[in-house]
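Everything on this sheet refers to the single structure shown next.
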Amino acid sequence: MNKFKAIVMKNKDNVATVTEDIEAGSDIAINIDGETVTLHVTDQIPFGHKVAIKAIAKDEKIIKYGEVIGMATTDIAAGQHTHVHNIVGCRGRGDLVSK
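Using the UniProt record's numbering, the letters of the sequence shown map in sequence onto residues 1 to 99.
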């Protein structure tokens, strides 16, 4: 059994992908650039969804795999579920100006 419950692909990522369902209030171990970090998860997060690994301000870029995958539509605290309810995709959109 893997002790890490979420995957961080690049050290500049601000979200991780969970590898199993995570209950709200759980503390999980994640590996960030070779260092084990404990993250307190505040929301229930389904398998395959994202969790914020640091605070993300409204309109800040969401970075996964070292790439921008969207922008926060509201402030997101570390440990919060990060999905379509609080991010908007910006790849391939001509109506959003890159910040």
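Ideal Cβ positions, reconstructed from N, Cα and C, are used throughout, including at glycine. Note that this is a predicted model, so its numbers are computed, not measured.
- C-alpha of residue 39 to C-alpha of residue 56: approximately 15 Å in a straight line.
- In this structure residue 30 does not touch residue 41 by the C-beta definition: roughly 10 Å separates them, more than the 8 Å allowed.
- Around the CB of residue 11, fewer than 16 other CB atoms lie within 10 Å, so the residue is classed as exposed.
- Sorting 45, 22, 65, 90 by C-alpha distance to the C-alpha of residue 72 places 90 at the top.
- With fewer than 16 other CB atoms across the displayed protein chains lying within 10 angstroms of its CB, residue 77 is exposed.
- Here DSSP, grouped into helix, strand and coil, assigns residue 9 to coil.
- Take residue 88, set aside five residues on each side of it, and the residues of its chain with a beta-carbon closer than 7 Å to its own are 70, 71, 73, in chain order.
- Judged by their CB atoms, residue 22 and residue 7 are not nearer to each other than the 8 Å cut-off.
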